[in-house]
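Participant: Could you have a look at this structure, given as structure tokens, before my questions?
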Amino acid sequence: MLGPAQAGLSSAIRIVLQKGRHYDPTDLFLHRGDTVTLVNGDDNAVHHAFIEADRFAFDAGDQEPGKQATLTLKEPGDFIIQCGIHPKMKLTLHVE
């Protein structure tokens, strides 16, 4: 597992692992302008990360094993990244 999500808030890039039908971590506390990199750490599962929010949308498309997608957060608020293939996968982003 990765370290605590709150550690090092001055960091501008956060890595989130997609593995075993879970996001790790499941909650991130971020500042506007921070970047989240989603890495598919599974050996044979495809993931499809997306956000549908009032102020913006994000769609990483199908991510094959080993692939990554990047999202830079420009809006404050709470957002949920979901997986279009695995509906129980959720990552909550808290952006200030």
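In the numbering used here, the protein residues as written are 373 to 468.
Glycine residues also receive a C-beta, built at the ideal position from the N, C-alpha and C atoms.
1. Which value, in whole angstroms, describes the spacing of the CA atoms of M373 and D426?
2. How would you write the range of the beta strand (DSSP E) that R386 sits in, first residue to last?
3. Does the Cβ-Cβ distance between G405 and A429 come in under 8 Å?
4. Taking C-beta to C-beta, are L389 and L463 nearer than 8 Å?
5. Which one of T398, E447 and G433 has the shortest CA to CA distance from F422?
6. If you drop the 5 nearest sequence neighbours on each side, which residues of the same chain put their C-beta closer than 6 Å to that of G375?
7. Would you tell me roughly how many angstroms separate the C-alpha atoms of L357 and T409, rounded to the nearest one?
Facilitator: Let me lay it out:
1. Any reading at M373 must be qualified, since the residue scores a pLDDT of 43, below 50, and its modelled position is unreliable; the value itself is stated next. So the two alpha carbons sit approximately 31 Å from each other.
2. Where R386 is concerned, the enclosing beta strand (DSSP E) stretches over I385 to K391.
3. No, Cβ-Cβ distance for G405 and A429 is not below 8 Å.
4. In this structure, the beta-carbon distance from L389 to L463 does not fall below 8 Å.
5. Of T398, E447 and G433, the residue nearest in Cα terms is G433.
6. Residue confidence for G375 is low, a pLDDT of 44 falling below 50, so the modelled location carries little weight; the figure read from the coordinates is stated next. So the list is empty, once near-sequence residues are dropped.
7. Since the displayed the chain opens at 373 and closes at 468, residue 357 lies outside it and no answer follows.
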